[in-house]
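Report on the structure given below.
See the structure below:
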């Protein structure tokens, strides 16, 4: 099959999208660069024109997801007809949705053996980019006495860290249970984690008349 010449940015996006799909379907470690270029119908030289390694395309996948999350957060923040607690709930669910869609990828990223990859991901600064958007909503809610928070930016950052850490630990233990063929307890554990995080959100934000609902 002859290869189609495409605009460089379009080709790069195609490589990123294909890599993401394969990483989620097969797992990061089980996906080779040769698999990606075969799907896109390009040479490995074309891949290396855009990326130095498979790790670099993984970083690009995460950067793409982070940019989409930023757009979602901004859209939610600008919804003038939504209460601040509802906005915050929607933001957190958008964050969870992005995390769950690529949990295999995130599981690899957070593996202790991947210290070099962690160094590359620091440059993306995910929480530093989205926590200010959440903090704006919290500040608006504080002005209406919707929330009772002393430091909205720090609170946003810590809440995102808490949720991300909880999801990572849950997915890691879920993978262990699946490998041991003991997946029946997953639904119960997920429900318990969801309720605990919802309660933590209400307490941290000082909300008494709104019940957060997380789509985990």
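Numbering (the numbering used here), first residue to last: -11 to 204.
Where is the CB? At the ideal position from N, CA and C, for every residue including glycine.
Only a predicted model underlies this, so the values are computations on that prediction, with no experimental measurement involved.
- For residue 22, the enclosing alpha helix (DSSP H) covers residues 21 to 28.
- In the structure shown, the three-state DSSP call for residue 191 is helix.
- In the structure shown, the three-state DSSP call for residue 77 is helix.
- Beta-carbon to beta-carbon, residue 92 and residue 12 are separated by about 6 Å, close enough to satisfy the 8 Å threshold.
- Around residue 144, the same chain offers 119, 122, 123 and 126 as residues with beta carbons nearer than 7 Å, after the five sequence neighbours per side are excluded.
- Rounded to the nearest angstrom, the Cβ distance from residue 182 to residue 151 is 11 Å, too far for a contact under 8 Å.
- Rounded to the nearest whole angstrom, the C-alpha separation of residue 32 and residue 22 is 7 Å.
- Residue 55 holds the alpha-carbon nearest to the alpha-carbon of residue 113 among 16, 192 and 55.
- With contacts defined as CB atoms closer than 7 Å, residue 64 and residue 78 qualify as a contacting pair.
- Under the DSSP assignment, residue 32 falls in the alpha helix (DSSP H) whose first and last residues are 32 to 38.
- Contact check for residue 129 against residue 186 fails: the beta carbons are separated by 7 Å or more.
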